[in-house]
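Q:
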Amino acid sequence: MPVRLNMFIDCRMLVEAGACVEVVRDENGVYKGEEIAKAITKVVVESSGEGLRQRAQELSEKMKMEEGQELDEVAESLWELCLKNKD
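Residue numbers (the numbering used here): 5 to 91.
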């Protein structure tokens with residue numbers, strides 16, 4: 005799935021996981037600068053964003069760990085293929 009199509013799903017999942025906030029759109033679906041500023045302030049400046057920042061950090065670390073494990077599995081599979089084709 006192209007990244008642009010997947011972004012909506014990813015964003016919704018992150019909001020539900022408590023790792024980001026949704027920026028409110030106007031009645032035409034357009035983002036307004038004031039709403040973007042509110043979201044940034046909530047996440048970066050206000051103490052209410054502390055839990056959100058912590059959750060985002062936890063998810064980031066988990067994704068890095070899982071990515072590393074997947075790469076190890078791919079490397080192992082490639083190694084086995086190389087050994088198999090060597091004979």
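Note that beta-carbon positions come from the ideal geometry of N, C-alpha and C, so glycine has one too.
At which residues does the alpha helix (DSSP H) containing residue 76 begin and terminate?
A: For the purposes of this step, residue 76 is taken as the residue at position 72 of the sequence shown. 54–90 is the extent of the alpha helix (DSSP H) around residue 76.
Q: On the DSSP bridge assignment, give the partners of residue 29 in chain order.
A: By 1-based counting over the sequence shown, the position of residue 29 is 25. Per DSSP, 35.
Q: So what's residue 15 in DSSP terms, helix, strand or just coil?
A: The sequence position of residue 15 within the sequence shown is 11, counting from 1. It is helical.
Q: For residue 42 and residue 62, I'd like the C-alpha separation in whole angstroms.
A: Numbered from its first residue, the sequence shown carries residue 42 at position 38. Numbered from its first residue, the sequence shown carries residue 62 at position 58. If you take the alpha carbons of residue 42 and residue 62, they lie about 24 angstroms apart.
Q: Once DSSP output is grouped into helix, strand and coil, what is the label at residue 43?
A: Position 39 of the sequence shown holds residue 43. Three-state result, residue 43: helix.
Q: Here's the rule I'm using: 16 or more other beta-carbon atoms within 10 Å means buried, otherwise exposed. How should residue 15 be labelled?
A: For the purposes of this step, residue 15 is identified with residue 11 of the sequence shown, where counting begins at 1. Residue 15 is exposed by the Cβ-count criterion.
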